[in-house]
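Each remark here refers to the structure printed beneath this line.
Numbering (the UniProt record's numbering), first residue to last: 1 to 275.
This is how it looks when you write it as structure tokens:
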């Protein structure tokens, strides 16, 4: 029995007829009959019963059908993972990195190296679990993982500045409310910021992209990456109060460093998003 025999078998099940299956696969009917006979002879089973010129699965044929579908699906997944994605990297990223930076970096990697990156944005502990299970090739975060099985290389640095939508500048600070997004430096937010301005915190959101969406409609302000402010004409810096995050690229220590990973490491270390 071959993989092709299984594919022919599934088509026969789909069509309930060997002649129709043969036409659908663009092969001869004897080839279809031979494939079915190969399976039945190898396992000493009967796959079909005939009724009213149609074929119907026997009980054992139905069990074989379910198993064959799983086998072919797994083979398909192997092809997707190991053949079609040689230039593919799955990268978990920190929720403090805004989408425009992710998009720009992804575009650069594709254009310069034909390297596709699938970004996974989730909680840091979940990212670590996915890294350990092999579901991620690497994780980019400012959080310090202290694990023997992980190693890291330096990534880029992001500088965050206090900013708001330009239409709200005149309302700062008394008539604007502050957005705290997960990952904002708490010492800056609750100490330095509170010493300088009357801070009323109305929103607490899970990531910086959520903060950016709120800024489109609400009278609010928050810390935004200097890169985001520079690349957009929508925002204006409110004060010289800033903080920075240095990101690191974590990967499993026992994992072979492929050429594509070396490219990623090199480009992340060179990336400049501070100003």
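Here a beta-carbon is modelled for each residue, glycine too, at the ideal position from N, C-alpha and C.
Asked: Flag this pair as yes or no: are the beta carbons of residue 156 and residue 268 separated by less than 7 Å?; Found: yes
Asked: CB-CB under 6 Å to residue 16, same chain, minus the five flanking residues each way: which ones, in chain order?; Found: 54 and 55
Asked: Nearest to residue 126 by alpha carbon, out of 88, 145 and 111?; Found: 145
Asked: On the criterion of 16 or more Cβ atoms from any shown chain inside 10 Å, does residue 254 qualify as buried, or is it exposed?; Found: exposed
Asked: Of the choices 220, 9 and 262, whose alpha-carbon is the least far from that of residue 236?; Found: 220
Asked: With burial defined as no fewer than 16 other Cβ atoms inside 10 Å of the residue's Cβ, what is the status of residue 136: buried or exposed?; Found: buried
Asked: Compute the beta-carbon to beta-carbon distance between residue 140 and residue 91, rounded to the nearest angstrom, for a pair I have assumed lies under 8 Å.; Found: 6 Å
Asked: Kindly indicate which residue of 10, 14, 98 and 151 has the alpha-carbon position closest to the one of residue 35.; Found: 10
Asked: Report the option in 206, 158 and 222 whose CA atom is closest to the CA atom of residue 273.; Found: 158
Asked: If you draw a straight line from the alpha carbon of residue 115 to that of residue 42, how long is it in whole angstroms?; Found: 44 Å
Asked: Along the chain, where does the beta strand (DSSP E) that runs through residue 101 open and close?; Found: Per DSSP, residue 101 belongs to no beta strand (DSSP E); it is in the alpha helix (DSSP H), 99 to 113.
Asked: Span of the beta strand (DSSP E) holding residue 88?; Found: 88 to 93
Asked: Are there any heavy atoms of the ligand SAM lying less than 6 Å away from the beta-carbon of residue 258, as far as the coordinates show?; Found: Judged by which ligands are present, the structure shown has none, so any question about the ligand SAM falls away.
Asked: For residue 203, which beta-bridge partners are listed by DSSP?; Found: 179
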